[in-house]
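K.L.:
Top line first, the protein sequences correspond to chains A and B. Be aware that the first sequence starts at 162, since it is given in the working numbering, and climbs by one per residue. Be aware that the second sequence starts at 162, since it is given in the working numbering, and climbs by one per residue.
2 protein chains.
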Amino acid sequence: MTETAGERRAQQSREAAKSGEPGRGGEPARREPQGITAEMILDAAVKILEEEGHAAVTMRRVAGDLGVAPPTVYWHVGNKEALWARLMDRLEQDLRCVQPVGSTPAERICSVVRGLHQQLRRSPALHALAEVTGRSLTLYSPSQSVLVAEFQRAGMSPRQVGFALHNLLAFSASFFYVDVFLLKEGRRTHHFAGPDALAPELDPDTAAAVTSDADMDAVFEFQLAGLVDSLLALGDDG
Amino acid sequence: MTETAGERRAQQSREAAKSGEPGRGGEPARREPQGITAEMILDAAVKILEEEGHAAVTMRRVAGDLGVAPPTVYWHVGNKEALWARLMDRLEQDLRCVQPVGSTPAERICSVVRGLHQQLRRSPALHALAEVTGRSLTLYSPSQSVLVAEFQRAGMSPRQVGFALHNLLAFSASFFYVDVFLLKEGRRTHHFAGPDALAPELDPDTAAAVTSDADMDAVFEFQLAGLVDSLLALGDDG
DNA sequence: ACCTGAACACCGTTCAAGT
DNA sequence: ACCTGAACACCGTTCAAGT
């Protein structure tokens with residue numbers, strides 16, 4: 162909420178570096194790393210993030226890995242919150258646009274959402290960041306227009322397209338969060354039911370089924386298929 | 162993962178306090194707070210959690226609010242991770258069992274999930290804790306048997322009941338997480354679409370609908386109704 | 001059994017000072 | 001413009017020592 166002097170300084174240095182990029186003076190554009198750049202800081206932070214999680218990403222640690230004093234990091238990126246934001250921006254840019262696959266609209270839409278989910282799931286850095294930044298709801302930008310186009314082709318009205326997109330993004334985001342927190346707990350599978358879940362008179366078969374590990378992939382596919390069908394049905398009688 | 166000596170000591174003190182509760186010796190059971198109890202520590206922590214969020218919950222702060230030195234808190238609760246766990250246990254116990262309302266199975270099941278969601282949403286302490294502990298997937302214990310009973314009454318097989326329950330719990334948990342992270346960002350509504358969401362040739366009406374704030378309550382209700390219908394349909398042709 | 005003061009090894013951040 | 005040493009105000013945690 163408050164913009165510190167450090168952040169403002171970092172902003173200026175970024176601008177300066179950018180405007181200096183297309184060689185405008187007399188000298189040839191030499192880019193010897195006579196010091197450290199913001200990009201190098203992000204590189205180091207991502208590396209720590211992937212290998213040791215968000216708790217290990219310390220301003221002092223980042224500085225140390227680059228052989229530099231802590232205030233240098235502050236000079237380049239402002240502060241820690243700005244570092245998180247920049248990391249999120251970078252990881253967001255790395256997300257590829259998912260192309261739809263399949264013959265029916267339902268198949269194509271499902272394939273895009275599934276592709277997004279798998280892409281997010283494969284990035285340990287994103288998982289670690291999600292714990293700390295609370296963003297990732299706008300992560301899916303590059304693939305959003307693909308989804309919009311599919312819904313339009315299915316004959317949905319503008320309002321319906323908006324509602325459908327919001328539904329799919331909420332769906333993706335929420336399953337991503339579940340992944341994040343499962344990982345945080347160190348669990349690979351869901352074991353939802355607590356000891357209080359069972360009424361004492363419950364038959365053994367049902368008790369076993371309820372307390373067994375949840376197959377989250379099956380849950381994901383089941384809910385995705387149902388959701389996409391419901392959304393497309395909105396267009397039929399619109 | 163490692164049980165420290167401090168935790169073990171705290172465990173013993175808890176046991177001792179418990180076994181001393183039903184007055185067993187000669188003296189009458191007097192319970193003057195000649196010092197501090199673990200319960201008082203939890204009270205203080207919950208208060209900070211509700212009013213200032215998880216970042217304000219500091220061992221020193223908790224101690225200070227109780228007029229006690231930091232090591233005293235360690236003596237009673239072990240360490241900070243144990244404090245989080247105990248807080249989660251307490252908040253979990255405060256969750257009431259939601260009773261189903263409605264005439265059809267779908268209505269009754271939806272009413273329970275909706276009730277759970279609203280209950281979680283109303284607890285700022287739970288939100289704050291979810292950011293830090295990553296639990297809350299087993300939060301719904303007291304209402305789970307209600308859901309199981311409803312699915313059984315709808316004629317579903319044991320395996321189907323298990324799958325249905327896992328679906329509903331995953332659904333509840335994921336919407337809870339979305340709430341948590343929206344709150345962390347300080348947003349009240351969802352604005353999913355980033356600037357890249359729109360293909361340039363998109364018609365203005367659709368563009369406006371897509372970039373408008375998402376009505377998350379409508380999304381919740383739409384997905385819940387669709388999910389419950391799909392789950393109950395599993396029982397029809399089982 | 002319960003509590004304390006003092007310390008250790010960390011944080012994020014700033015700031016005057018260097019080149 | 002870029003980097004540093006030193007400091008400030010915090011953390012979680014431990015430990016010997018008190019009663």
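Yeah, the Cβ is synthetic: ideal placement off N, Cα and C, and Gly gets one too. Quick caveat: nothing in here was measured; it's all calculated off a predicted structure.
Out of Leu392/A, Pro303/A and Gly387/A, which one is the CA nearest neighbour of Cys258/A?
P.N.:
Taking the first sequence and counting its residues from 1, one reaches residue 258/A at position 97. The shortest C-alpha separation from Cys258/A is found at Pro303/A.
K.L.:
For Thr367/B, go through chain A and note every residue whose CB falls closer than 8 Å to its CB, in chain order.
P.N.:
Within the second sequence, residue 367/B is the residue found at index 206, counting from 1. Result: Val309, Gln313, Pro319, Val322 and Gly323.
K.L.:
Which residues, in order along the segment 224–254 of chain B, keep a beta-carbon less than 9 Å from a beta-carbon of chain A?
P.N.:
Listed by position along the chain: Glu253.
K.L.:
My output table needs one value for Ala375/A: the three-state DSSP class, helix, strand or coil.
P.N.:
Here the question's residue 375/A lines up with position 214 in the first sequence. If DSSP states are grouped into helix, strand and coil, Ala375/A belongs with the strands.
K.L.:
Given Arg269/A, which residues of its chain have a CB within under 7 Å of its CB, disregarding the five upstream and five downstream residues?
P.N.:
Here residue 269/A is taken as the residue at index 108 of the first sequence, counted from 1. These residues qualify, in order along the chain: Pro261, Val262, Gly263 and Glu311.
K.L.:
Got a sec: is the Cβ-Cβ distance from Leu110/A to anything in chain B below 8 Å?
P.N.:
As displayed, chain A neither begins before 162 nor continues past 399, which places residue 110/A out of reach and without an answer.
K.L.:
Roughly how many angstroms separate the alpha carbons of Trp245/A and Arg221/A, rounded to a whole number?
P.N.:
Start at 1 with the first residue of the first sequence, and residue 245/A comes out as number 84. Start at 1 with the first residue of the first sequence, and residue 221/A comes out as number 60. So the alpha carbons of these two residues sit roughly 15 Å apart.
K.L.:
Straight-line CA distance for Tyr338/A to Ser335/B?
P.N.:
One-based indexing of the first sequence puts residue 338/A at position 177. One-based indexing of the second sequence puts residue 335/B at position 174. Whole-angstrom Cα-Cα distance: 7 Å.
K.L.:
Below 9 Å on C-beta distance, what does Ser284/B contact in chain A?
P.N.:
Numbered from its first residue, the second sequence carries residue 284/B at position 123. Going along chain A, no residue has its Cβ under 9 Å from Ser284/B, so there is no contact; the nearest lies around 17 Å.
K.L.:
Using a Cβ-Cβ distance under 8 Å, would Val118/A count as near chain B?
P.N.:
The structure shown does not extend to residue 118/A, since chain A is modelled only from 162 through 399, so no value can be given for it.
K.L.:
Just curious, the alpha helix (DSSP H) that Pro231/A is in, first and last residue?
P.N.:
Here residue 231/A refers to the residue found at position 70 of the first sequence. First-last of the alpha helix (DSSP H) with Pro231/A: Pro231 to Val238.
K.L.:
Which residues of chain A have a Cβ atom closer than 7 Å to the Cβ of Val380/B, listed in chain order?
P.N.:
The count along the second sequence starts at 1 and reaches residue 380/B at position 219. The contacting residues are His327, Asn328 and Ala331.
K.L.:
Where does Met220/A sit, in a helix, a strand or coil, going by DSSP?
P.N.:
Here residue 220/A corresponds to residue number 59 of the first sequence, with the count starting at 1. In this structure, Met220/A counts as helix in the three-state DSSP scheme.
K.L.:
For the putative contact between Val274/A and Leu343/A, defined by C-beta atoms under 8 Å, what is the C-beta separation to the nearest angstrom?
P.N.:
To locate residue 274/A, count along the first sequence from 1; it is residue 113. To locate residue 343/A, count along the first sequence from 1; it is residue 182. About 19 Å separates the two Cβ atoms, so there is no contact after all.
K.L.:
What does Ala334/B reach in chain A if we use C-beta pairs closer than 7 Å?
P.N.:
The residue given as residue 334/B occupies position 173 in the second sequence. Ordered by position in chain A, the residues that pass the 7 Å Cβ test against Ala334/B are Val339.
K.L.:
Return the CA-CA distance between Leu277/A and His215/A, expressed in angstroms with no decimal places.
P.N.:
Working through the first sequence from its first residue, we reach residue 277/A at position 116. Working through the first sequence from its first residue, we reach residue 215/A at position 54. Taking the straight line from one Cα to the other gives about 23 Å.
K.L.:
Take the Cβ of Ala368/B as the centre, count every other Cβ of all protein chains shown within 10 Å, and call the residue buried at 16 or more, exposed below.
P.N.:
Within the second sequence, numbered from 1, the residue matching residue 368/B stands at position 207. Buried is the call here.
K.L.:
Are the beta-carbon atoms of Pro365/B and Asp366/A separated by less than 8 Å?
P.N.:
Indexing the second sequence from 1 puts residue 365/B at position 204. Indexing the first sequence from 1 puts residue 366/A at position 205. Contact flag unset, no.
K.L.:
Mind reading off the beta-carbon distance from Ala286/B to Leu203/B? Whole number of angstroms is fine, and I expect it under 8 Å.
P.N.:
Counted from its first residue, the second sequence places residue 286/B at position 125. Counted from its first residue, the second sequence places residue 203/B at position 42. Not confirmed; about 11 Å, so no contact.
K.L.:
Applying a beta-carbon distance threshold of less than 9 Å, which residues of chain A neighbour Ser264/B?
P.N.:
To locate residue 264/B, count along the second sequence from 1; it is residue 103. What Ser264/B touches in chain A: nothing, since even the nearest Cβ is about 22 Å away.
K.L.:
Buried or exposed: where does Glu292/A fall if 16 or more other Cβ atoms within 10 Å of its Cβ makes it buried?
P.N.:
As a first step, residue 292/A is located in the first sequence; it is residue number 131 there, counting from the start. Burial call: buried.
K.L.:
Taking the alpha-carbon positions, what's the His237/A to Glu253/A distance?
P.N.:
Reading the first sequence from its first residue, position 76 is the one you call residue 237/A. Reading the first sequence from its first residue, position 92 is the one you call residue 253/A. Going by the C-alpha atoms only, they are around 21 Å apart.
K.L.:
What is the DSSP secondary structure of Arg192/B, reduced to helix, strand or coil?
P.N.:
As a working note, residue 192/B is residue 31 in the second sequence. At Arg192/B, the pLDDT of 35 sits below 50, so the modelled position is not reliable; the number obtained from the coordinates is stated separately. DSSP places Arg192/B in coil when its eight states are reduced to three.
K.L.:
Give me the residue from Leu393/A, Ser373/A, Glu362/A and Ala331/A with the minimum Cα distance to Ala375/B.
P.N.:
Locating residue 375/B in the second sequence gives position 214, where the first residue counts as 1. Comparing Cα-Cα distances from Ala375/B to each of Leu393/A, Ser373/A, Glu362/A and Ala331/A, the minimum goes to Ala331/A.
K.L.:
Drop a sphere of 10 angstroms on the beta-carbon of Asp340/A, count the other beta-carbons inside from all chains shown, and report buried for 16 or more, exposed for fewer.
P.N.:
On the first sequence, residue 340/A is found 179 positions in, with the first residue counted as 1. So Asp340/A ends up on the buried side.
K.L.:
Please list, in chain order, the chain A residues whose beta carbon lies closer than 7 Å to that of Leu388/B.
P.N.:
Stepping through the second sequence from its first residue, residue 388/B is reached at position 227. Gln384 and Gly387, listed in chain order.
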